[in-house]
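In the numbering used here, the protein residues as written are 111 to 815.
For reference, the structure is listed below as structure tokens.
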């Protein structure tokens with residue numbers, strides 16, 4: 111097996127220079143006028159033991175310190191920056207905690223420089239601690255009238271640098287992205303309920319790799335692993351408020367001592383790769399977890415890093431001091447500024463060097479913007495999203511651009527919308543080398559069972575063929591039924607509306623309870639999963655959905671660090687339970703897809719024919735059939751080797767159908783009837799001559815042999 115040699119070098123931040131025996135510190139800021147590097151012996155409670163003026167070269171501030179002073183091979187180095195600029199220029203007699211040099215908290219050019227607030231390094235590989243651990247009110251980090259003169263250096267999170275040796279990580283041989291089965295999961299939730307010391311950590315996930323493999327998952331998509339403040343505003347479990355794009359969340363480390371996070375992550379990736387499982391990281395580049403206004407006051411902002419280093423470069427900011435927030439999270443990252451462009455590209459390169467195989471980009475429509483101001487100008491050619499392939503190629507990172515071919519490289523996956531702003535829905539508008547989450551597939555698959563009168567045969571055909579009206583002939587679709595946002599698969603089939611205790615969460619989500627009929631519910635869950643796995647594109651399923659995890663009707667569980675989110679594997683192993691049947695059914699359904707390569711072939715759509723309930727071919731020009739929401743039958747023949755016939759009913763009554771004629775004296779054998787809850791294995795057993803009675807709301811798979 112080939113190996114990946116890890117590398118923690120970045121152009122900015124702290125880096126060891128073995129030729130000079132020094133640690134080099136570099137910080138980018140277009141608008142800063144002076145920067146002081148502060149080095150500490152401890153992460154909290156002490157003043158800096160060393161303060162150095164940094165030399166300016168263009169927009170880079172730099173200095174270096176001899177390693178015999180820092181001893182970075184053996185112990186962590188804690189550091190941060192005091193940054194001066196036009197609204198607070200540097201004076202020789204400046205002292206922390208004073209207003210010497212102060213002009214304004216915020217100026218007309220959108221600057222928020224404040225040297226009394228220590229900034230952590232955007233390129234640091236670890237943060238020493240979180241704000242909530244030392245100052246939950248955040249008063250020490252605010253720019254308001256009562257707080258802007260307070261020196262917070264003793265308590266501010268410090269950047270952590272420790273020299274790490276390169277390690278080897280197993281590399282997975284290239285395979286088509288369309289052949290992957292993506293399993294989305296929160297790292298802590300995956301193993302928190304297990305009886306192991308390492309539960310809820312990177313090492314806990316490492317121990318669980320073989321179980322994930324046995325489920326059939328070939329790529330794990332982790333919710334964000336970058337450092338974030340999980341105690342912010344009470345609880346923030348999911349991690350969609352990133353503080354640093356090179357640093358890992360310490361809460362997921364088994365060994366929480368400084369300087370070891372990256373090694374634990376590498377160990378996890380290595381084990382996943384050895385089991386043939388790829389790693390996809392959920393990256394949040396549309397906003398950060400720091401800047402934001404307090405009580406909607408433009409003079410009172412939360413300042414931790416980017417806003418202190420260069421507010422107008424890092425954020426989309428109005429002249430009156432307000433941050434644009436199309437993300438819905440308090441600020442929008444200025445992804446078209448050079449600083450942010452370089453940071454995003456370099457952070458992606460960094461994670462590829464740690465063995466990461468794919469990235470899912472949260473609210474990725476933001477990456478299509480081609481403007482540094484607050485106007486939404488979407489451009490799939492000249493934006494970051496449009497140029498990312500070439501930018502990564504310049505860094506010797508290949509981007510997979512044909513999802514049906516085995517290519518060596520990284521996969522880019524867009525969530526193709528944002529929460530607000532003009533034209534914020536951009537499904538289908540990303541360049542051809544981007545895969546895209548497909549909410550049309552999500553809603554259509556749900557409606558097949560939950561709102562069947564809103565779905566026509568053409569709607570179902572559109573999903574089976576990979577939504578060609580949006581993606582044309584490209585296999586770009588990431589198909590899913592549910593994800594972390596919204597109901598779990600079990601809950602969307604169990605609740606008509608969200609649990610009233612949910613904080614946030616949509617009221618319009620497609621869901622239902624089938625009048626609490628347990629058999630119908632289980633059949634419909636199986637039917638939804640079957641449509642997902644039989645459709646063109648790359649299927650994604652929550653790992654929790656494989657084991658029928660319920661969040662008790664909570665459809666926005668971002669703030670639950672508890673059993674609402676923790677996966678219960680004991681239930682999945684208990685025989686004669688719905689959880690066990692869904693687990694085994696999904697495992698076998700995945701294997702059925704993987705054992706039939708036609709589902710990941712670029713020829714898939716060309717081998718399909720559609721059939722009426724009498725077995726005859728449905729002609730494309732029969733709009734009376736295709737556009738009829740009341741037509742309850744859908745049949746598709748996959749002319750592969752062997753041939754596969756899928757018959758689906760939307761009716762709540764039984765339906766007599768005829769199967770298509772077989773070839774060469776072969777016969778149809780039933781693999782699956784979703785209505786038969788004991789039918790789990792998907793192996794062809796029952797010989798079917800030419801007639802079959804479809805059960806209500808069921809889906810059947812027949813194999814020709």
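Beta carbons: idealized from backbone N, C-alpha and C, even for Gly.
As the structure is a computational prediction, the values presented were derived from the model and not from experiment.
Residue burial classification, residue 891 (beta-carbon count within 10 angstroms, cutoff 16): There is no way to answer for residue 891, as the model of the chain reaches only from 111 to 815.
With 16 other Cβ atoms within 10 Å as the buried cut-off, status of residue 164: buried
Spatial neighbours of residue 758 in its chain, beta-carbon cut-off 6 angstroms, leaving aside the 5 residues before and after: 744, 809
Residues of its chain near residue 553, where Cβ-Cβ distance is below 8 angstroms and the 5 sequence neighbours each way are ignored: 620
At least three beta-carbon pairs within less than 8 angstroms, the region 423-435 to the region 398-405: yes
Rounded straight-line distance, which links the Cα of residue 122 to that of residue 204: 27 angstroms
For residue 748 and residue 755, the rounded distance between their alpha carbons: 6 angstroms
Whole runs of the beta strand (DSSP E) within the region 619-654, excluding any shorter than 3 residues: 648-652
CB of residue 653 within 8 angstroms of CB of residue 379, strictly: no
First through last residue of the alpha helix (DSSP H) which encompasses residue 420: 416-424
Burial state of residue 333, where buried means 16 or more other Cβ atoms lie within 10 Å: buried
Integer-rounded CB distance, given that residue 777 should sit under 8 angstroms from residue 802: The Cβ separation is near 12 angstroms, so there is no contact.
Residue closest to residue 657, alpha-carbon to alpha-carbon, out of 679, 668, 738: 679
Bridge-paired residues (DSSP) for residue 144: 194
Closest by C-alpha distance to residue 382, when choosing among 438, 321, 665: 321
Element boundaries [alpha helix (DSSP H), containing residue 695]: 688-704
Residue interval of the beta strand (DSSP E) (run including residue 271): 269-271
Limits of the unbroken alpha helix (DSSP H) element including residue 312: 312-317
Alpha-carbon spacing of residue 256 relative to residue 405, whole angstroms: 14 angstroms
Bridge partners - residue 814, DSSP secondary structure assignment: 778
Validate contact between the region 257-269 and the region 625-641 using beta carbons, cut 8 angstroms, 3 pairs: no
Residue 190 beta carbon less than 8 angstroms from that of residue 233: no
Exposed unless 16 or more other CB atoms sit within 10 angstroms - verdict on residue 207: exposed
6 angstroms CB neighbourhood of residue 136 in its chain, flanking five on each side removed: 122, 170, 172
Neighbour flag for residue 778 against chain D, beta carbons, 8 angstroms: No chain D appears in the structure shown, which is made up of a single protein chain.
For residue 358 and residue 348, the rounded distance between their alpha carbons: 14 angstroms
Spatial neighbours of residue 711 in its chain, beta-carbon cut-off 7 angstroms, leaving aside the 5 residues before and after: 514
Per-residue DSSP class, three states only, for residue 609: coil
Three-state class that DSSP yields for residue 601 in the structure shown: helix
From 628, 451, 335, residue whose alpha carbon lies closest to that of residue 363: 335
Within 8 angstroms, strictly: CB atoms of residue 468 and residue 394: no
Where residue 610 falls, given that 16 or more other Cβ within 10 Å makes a residue buried: exposed
Straight-line gap, residue 338 to residue 503 (C-alpha atoms, nearest Å): 30 angstroms
Span of the alpha helix (DSSP H) around residue 375: 371-384
Cβ-based burial, residue 302 [other Cβ within 10 Å; buried from 16]: buried
Option nearest residue 210 by Cα separation, candidates 219, 222, 186, 194: 194
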